[in-house]
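Numbering (our numbering), first residue to last: 6 to 86.
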C-alpha cells in the first residue's frame, strides 16, 4: 500500500500532466472522482483534497469533460471530510 503522502503528491503530478494532455485527462477523470468517495476504506483527506484540486483545475480547462463529475465534487465538499 502506498503511503498517503506519496499518493497526494502523485495526484498533483498527474493533474499537471492532465492539464497538458486532454486525452490523458479524459482517461484519468474516473480515477480522480473515485478518490472523492467517502466510503472508500483507504481515503485520506490530503489525497482527497489534491484530487478535488486537480478536478477543479481540469474544470477550468476542460469544462465539457468534468461537468458530469460536479455532483461528486459538491458532495465531497459538503461532507466536510
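C-beta: ideal position from N, C-alpha, C; glycine also.
Note that the structure is a prediction, hence the values are computed from the model and not measured.
Can you check whether the CB of residue j is closer than 8 Å to the CB of residue i?
{"i": "residue 60", "j": "residue 70", "result": "no"}
{"i": "residue 66", "j": "residue 24", "result": "yes"}
On a CA-only basis, which of the options is nearest residue i? Give me that one, please.
{"i": "residue 10", "options": "41, 25, 55", "result": "55"}
{"i": "residue 36", "options": "84, 76, 20", "result": "20"}
{"i": "residue 7", "options": "24, 27, 23, 52", "result": "52"}
{"i": "residue 80", "options": "22, 38, 26", "result": "38"}
{"i": "residue 73", "options": "50, 48, 31", "result": "31"}
{"i": "residue 12", "options": "77, 50, 78", "result": "50"}
Roughly how far, in whole angstroms, is the beta-carbon of residue i from the beta-carbon of residue j, given that I think they are within contact range, below 8 Å?
{"i": "residue 75", "j": "residue 57", "result": "11 Å between Cβ atoms; not a contact."}
Legend entry - Contained alpha helix (DSSP H) runs [length at least 4] in the region 12–66, N- to C-terminal order: The qualifying runs are 27–40, 50–66.
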